[in-house]
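J.: Each number in my numbering corresponds to the 1-based position in the sequence shown with 1013 added.
We put the CB at the ideal spot given by N, CA and C, even for glycine.
The structure displayed is predicted, hence computed values, not measured ones.
Have a look at this one before I ask anything.
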Amino acid sequence: MNDMKTKAFLLLLCIITSMGLYAQKRIAGRIISKTYNAVTLSDISSGTPIDTLYSFRIPGALPSGICWDGTYLWHNDSSKYIYKLNTLGEILDSIDNPDVDNQFRGGGMTCDGTNIWLVGEQSAKLFKIDNKGTILKTFDLPSGKDFDPNGFGIAWDGNNLWHSQYLPPVIYKINPSDGSVISSFVPNDTIMGIEWINNKLYGISVTDDIYDSKLVEIDTITGEFNDSVEWNIAYPLDLCFDNNYIWNVSGPTDFLGYHIGGKNKIYKVETDLIKTSVDDNIHTFDEVKVYPNPFKTTITVESAHLGEVYIINSIGQTIYTSNLHNMVETIDLSLLNSGLYFLRTNNITLKVLKIK
């Protein structure tokens, strides 16, 4: 009898597991699936050039874009929603996807520190939205073609946007004020997702073989690949960087009846090709204290030594410089956008977070 109960329990457990461990929850006025215990060990074979720390299932189907706002991940798919996720894959919120013409999947996403930029792959539109889903701007993308719109990736360099077209391969530099093309170049190979990291442009180079991809560092003048690493994630699409790790979307297992072979997952990846935004080792020392952290308008720095203080953004650009004239100094940073920054003084670097 006990054996029968044990078998019944194991059968029930298998059924629950096969359902993807999802539960229903009302978020932002809608009933959507919230992932529970979705974190899994990597299904990438050991010994590969990248270290996939873990992965989790996407909340919907036909995944597309992903971006990092300094605290959370945002992800879009074939549904009419964009999901706000924590780094364990739990859905925290959802907003309307402005790409109403999306019938299959969307495109890449990026965050400029405050707002989200979303590529409509099929509509050939670029949308700027806030974290409530309000459309702030809409532009026509240069990758729009009469026979097949095919622009996918989008990245923010701190001042301008960069957009990748995969057929034929072209990467455009775009003015975020009016959507005009500032410049363009032809990369060595087809590029899907792109991201600016440490003042360098990186992208996922793909071929017809969905298992034969590379993460590449791209020269924005010549289009040459300065460096690369094998990317053993099936059907890799969009990517983003959280100042320490890369997050990459693996495409669908099936696309309108075509057997693609993706994993319908989001992967957290560590690779030697990418270094941290400022220093490999970031510590808090007794000699320097920063508060409040997170901050809204001003931040106070206590330092045992006087000297210059720098504020550096998430892509490694120094955006503020001042001198510490006192052991305790308050700095007004109210003009900065919300997001993660680095404060450096006297060879010490600390992470600071600006919130609204």
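(1) Can you round the beta-carbon distance between G1320 and L1250 to whole angstroms, since I take them to be within the 8 Å contact cut?
(2) Among Y1323, R1070, E1243, N1336, which has the Cα closest to the Cα of T1220?
(3) Rounded to the nearest angstrom, how far is the Cβ of Y1085 from that of L1105, given a contact under 8 Å?
(4) What does a CB cutoff of less than 6 Å around G1157 pick up in its chain, not counting 5 residues either side in sequence?
(5) Which first and last residues belong to the beta strand (DSSP E) in which D1202 is found?
(6) Under 8 Å, with one C-beta from each stretch per pair, do the segment 1273 to 1282 and the segment 1334 to 1344 reach the 3-pair mark?
(7) So S1193 is in the beta strand (DSSP E); what residue range does that whole segment cover?
(8) Considering just the uninterrupted stretch of the beta strand (DSSP E) at P1249, what are its terminal residues?
(9) Is the beta carbon of G1102 sitting closer than 9 Å to the one on F1069?
(10) Classify S1107: buried if its beta carbon has 16 or more other beta carbons within 10 angstroms, exposed otherwise.
(11) Looking at C-alpha atoms only, which residue of N1350, I1071, H1088 is the closest neighbour of G1078?
(12) Taking three-plus beta-carbon pairs below 8 Å as touching, is the segment 1253 to 1268 in contact with the segment 1301 to 1311?
(13) State the Cα-Cα distance for the pair N1212 and V1113, rounded to the nearest angstrom.
(14) Let me confirm a value: L1149 is counted as buried when at least 16 other C-beta atoms fall within 10 Å, else exposed. Which label applies?
(15) Distance, Cα to Cα, L1349 vs Y1304?
(16) In whole angstroms, what is the alpha-carbon distance linking W1130 and S1316?
(17) Between T1284 and V1314, is the Cβ-Cβ spacing less than 9 Å?
(18) Mind pulling the beta strand (DSSP E) runs of 3 or more residues that sit fully within the segment 1080 to 1157?
(19) Please say whether T1151 and Y1179 have beta carbons closer to each other than 9 Å?
(20) State buried or exposed for I1195, treating a residue as buried only when at least 16 other CB atoms are found within 10 Å of its CB.
(21) Output the distance between the C-alpha atoms of L1363 and I1234, rounded to the nearest integer angstrom.
(22) By alpha-carbon positions, which one of N1201, N1173, L1228, I1184 ends up nearest to S1190?
(23) My output table needs one value for D1232: the three-state DSSP class, helix, strand or coil.
(24) Beta carbon of G1166, beta carbon of G1126: below 9 Å?
(25) My understanding is that I1324 touches L1346, with C-beta atoms under 8 Å, so please give their C-beta distance in whole angstroms.
(26) Whole angstroms are fine: how far does the CA of F1254 sit from the CA of E1237?
(27) Beta strand (DSSP E) containing A1168: first to last residue?
(28) Quick one: what does DSSP say D1371 is sitting in, helix, strand or coil?
T.: According to the data block:
(1) Actually they are not in contact, since the Cβ atoms of G1320 and L1250 sit about 44 Å apart, beyond 8 Å.
(2) E1243
(3) 7 Å
(4) A1137
(5) First-last for D1202: undefined, no H or E at that position.
(6) no
(7) That residue, S1193, is in no beta strand (DSSP E); it is neither H nor E in DSSP.
(8) 1249 to 1254
(9) yes
(10) buried
(11) H1088
(12) no
(13) 33 Å
(14) exposed
(15) 16 Å
(16) 38 Å
(17) no
(18) 1086 to 1089, 1094 to 1098, 1104 to 1109, 1122 to 1124, 1129 to 1133, 1138 to 1142, 1148 to 1153
(19) no
(20) exposed
(21) 33 Å
(22) N1173
(23) coil
(24) no
(25) 7 Å
(26) 22 Å
(27) 1164 to 1169
(28) Residue 1371 lies beyond the range of the chain shown here (1014 to 1369); nothing can be said about it.
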